[in-house]
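Chains as they are written, first to last, in this note's numbering: chain R, 1 to 129; chain Z, 130 to 474.
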Amino acid sequence: MTGPIPDPLRRFVPTPHVAAFSHMYGELRIESNDAAYTQHLLEHFRDALPETCLRAVEHIKLIVEHSLPSDGERLTQVDAGCLRTVLRGTNTILAHDTESRELLIFLSHDVSCHELVEHLLPAVVVTNG
Amino acid sequence: MHLQVWRWITVALRSRFAGLFLRFGGVYVIAREMELPFSLAGAGCVLSTGSTELVESVRRSSVAWPGRAVCELNVDVLVGNSSPLSPPHFRGMHHVVVASFGAANVFIFDLRRCIVTAKVSEVVARDREFWSRTLLPIMAGTLGATIGLLPLHSACLARDGFGMLIAGESGAGKSTLAVALAQRNFDYISDDWTYCTAPSGRLTAHGTAARVKLLPDAARHFAELNGEQVHTSMNGELAFEVPVEQAFGARLERQSTPRLLVFYHRTEGTATHFAPLDSSIARSYMESNVEQLPVQLAEASKVRSSLMDVVAALPCWRFACGGSPAHIAAELDTFFESQRRKEIA
């Protein structure tokens, strides 16, 4: 009567590619299932030091959906207390919890890292400034 | 283009004079000016929305909740948006679950704070079937232990308040058996997912208004399915999905007190076999059928574990039988009555 427990929400996708760096506001930890995106994000945050983002986020968890292409560019934003969620189409999902300072991302494989850091992160990260 | 401009002008005027509309990022939504406390499978919930049709839909498909609410359902309705439902897409990470039915119909579940926030089109806000048969069952399953519910992969039937949970592997025929029992004068609570609560240790099983899901071969046994079409259900299976009370005349009850847990195994022959089952096997079945929770929801995992203990303490039986659903239901009915008589005595 036992078997593998399904994971339809993809909650338990392993994220072995981890990077972290310290900055003037604390530390940022990035974990992902994709080494290239982890590296891109690390370089972006380490080199550009986007102050507002670094103040608001201390943990980024990114799942790249390698078998799920994007399904539209329209952005939908839903705000609920401490949680802001932005969807690009429906397959790319970003959620920022301002209380726990977590940024949770499901990213269609064909969304570029450039679009992620230049357009999607500014749309989802809630800053005080 | 001109039509679009006129639409915005109309909306702006309605907003200014009626005070009913709010503007967020270029999109108008109907202000959430109504609240409805309701029971979400045994947990108190408050709906906040601007849609009278949605309030009515939830009111009709649930029972009132007089006590303290433990979760919120906040729904913004997008003015002028007529996007219909699209195939669902679900994702979850840590304490966040997202369910979308197209880009205009999005539900965000914050499991840490027990808040569900949604943006939906006007068309979907009016779709009573969607709310009662799809969204509220999804909500009960997703919030689950965070609001004190144990989603149990089992059917639940009852007679005179004496409830029976029927567990079994997917495809064993729980739903078919549930319908066959409902046709033998059992009250129907659920066919596939039952939500258990145990306030003060008193176990109660709750159902939702979800459609009964029957695999295509059920058409051989139930004439009521003539004229119904199979379609792809949310888990990708081909199945009939029909309102059990309308299709089969079942007497729908929202809750019962389970006194018996039966594990059903379909066999090739028609011979019937009942055997007592150790509670550890019941526990193991439940563990293997519940959704795995992330470490961020450790508290909910503890709640769920204690609820499983309560369910596993029920008298458990293994029931092996084959043949037609009517035959299997008759055999289980006889056993059920013998157990019920014992309890009454």
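By construction, the Cβ of each residue, glycine as well, lies at the ideal position given by its N, Cα and C atoms.
From residue i to residue j, what does the alpha carbon distance come to, in whole angstroms?
i	j	result
Z/G209	Z/P266	27 Å
Z/L169	Z/F236	16 Å
Z/M437	Z/C200	22 Å
R/P8	R/L104	17 Å
Z/M268	Z/S261	11 Å
R/N33	R/V111	15 Å
R/P16	R/V64	12 Å
Z/A112	Z/F377	Residue 112 of chain Z lies beyond the residue range present for chain Z, which begins at 130 and ends at 474; the question has no answer from this structure.
Z/R143	Z/I159	Low per-residue confidence applies at Z/R143: pLDDT is 47, beneath 50, and the placement is therefore not dependable enough to give any value.
Z/A398	Z/A458	Checking the sequence shown, residue 398 of chain Z turns out to be Gly, not Ala. Cα to Cα, the separation comes out at about 15 Å.
Z/E164	Z/L176	5 Å
Z/V225	R/T90	15 Å
Z/A429	Z/N355	43 Å
Z/A296	R/H96	39 Å
Z/S299	Z/Y414	12 Å
Z/R257	Z/G302	29 Å
Z/L183	Z/F392	38 Å
Z/T476	R/Q39	No statement about residue 476 of chain Z is possible, as the shown extent of chain Z runs from 130 to 474 and does not include it.
R/T98	Z/D462	54 Å
Z/D321	Z/L343	10 Å
R/I60	R/V13	15 Å
Z/F464	Z/R189	35 Å
R/L42	R/R74	27 Å
R/R55	Z/I410	50 Å
Z/H360	Z/A309	22 Å
Z/S215	Z/G292	37 Å
Z/A400	Z/E466	19 Å
Z/R331	Z/V439	9 Å
R/E118	Z/P444	59 Å
R/H23	R/L87	29 Å
Z/W194	Z/F167	5 Å
Z/L202	Z/A474	45 Å
Z/H350	R/L116	54 Å
Z/E420	Z/G365	18 Å
R/A35	R/P6	25 Å
R/V124	Z/E185	34 Å
Is the CB-CB distance between residue i and residue j below 8 Å?
i	j	result
Z/E472	Z/R388	yes
Z/L207	Z/V245	no
Z/V227	R/T52	no
R/I93	Z/R220	yes
Z/S362	Z/E374	no
Z/A254	Z/L286	no
Z/V252	Z/P280	no
Z/F238	Z/T271	yes
R/R101	R/V57	yes
R/F45	R/L28	yes
Z/R447	Z/L406	yes
Z/G475	Z/S385	Lying outside 130 to 474, the shown extent of chain Z, residue 475 of chain Z is not represented and no answer is given.
Z/A442	Z/S408	yes
Z/L367	Z/L294	no
Z/Y500	Z/E382	In the structure as shown, chain Z starts at 130 and stops at 474, and residue 500 of chain Z therefore has no counterpart that could be examined.
Z/A247	Z/V204	yes
Z/H218	Z/N418	no
Z/R412	Z/A274	no
Z/A379	R/T76	no
Z/F315	Z/R340	no
R/C113	R/Y37	yes
R/L49	R/H109	no
Give the interface partners of residue i over in chain A, defined as CB-CB distance under 8 Å, in chain order.
i	result
R/E102	The structure shown contains no chain A; the protein chains it does contain are R and Z.
Continuous beta strand (DSSP E) assignments of at least 3 residues falling wholly in the region 34-105 of chain R:
59-65, 75-80, 83-88, 92-97
Fully enclosed by the region 374-443 of chain Z, which alpha helix (DSSP H) runs are 4 residues long or longer?
408-418, 427-441
Interface residues of the region 71-99 of chain R facing chain Z [CB-CB below 7 Å]:
G72, R74, T76, Q77, V78, A80, G81, L83, T85, L87, G89, T90, N91, I93, A95
How about the region 169-180 of chain Z and the region 317-336 of chain Z: do they share at least three Cβ pairs that are nearer than 8 Å?
yes
Quick one: which residues of the region 169-188 of chain Z get their C-beta closer than 9 Å to a C-beta of chain R? List them in chain order.
none
Please specify which runs of the alpha helix (DSSP H), each continuous and at least 4 residues long, are wholly inside the region 274-340 of chain Z, giving them in chain order.
303-311
For the region 209-229 of chain Z, enumerate the residues whose C-beta is nearer than 7 Å to any C-beta of chain R, in chain order.
H218, F219, R220, G221, M222, H223, V225, V226, V227, S229
Scan the region 207-264 of chain Z and note each continuous alpha helix (DSSP H) run of 4 residues or more that stays entirely inside, going in chain order.
251-254
Using Cβ-Cβ distances below 8 Å, what residues of the region 7-24 of chain R are close to chain Z?
D7, P8, L9, R10, R11, F12
Contact residues within the region 243-255 of chain Z, judged by C-beta distance below 8 Å to chain R
I244, T246, A247, K248
Which residues, in order along the region 409-441 of chain Z, keep a beta-carbon less than 9 Å from a beta-carbon of chain R?
I410, S413, Y414, E416, S417, N418, V419, E420, Q421, L422, P423, Q425
Any residues in the region 30-50 of chain R with a beta carbon nearer than 8 Å to a beta carbon of chain Z? Which ones, in chain order?
none
Output the residue ranges of the alpha helix (DSSP H) runs that lie fully inside the region 338-368 of chain Z and measure 4 residues or longer, sorted by chain position.
none
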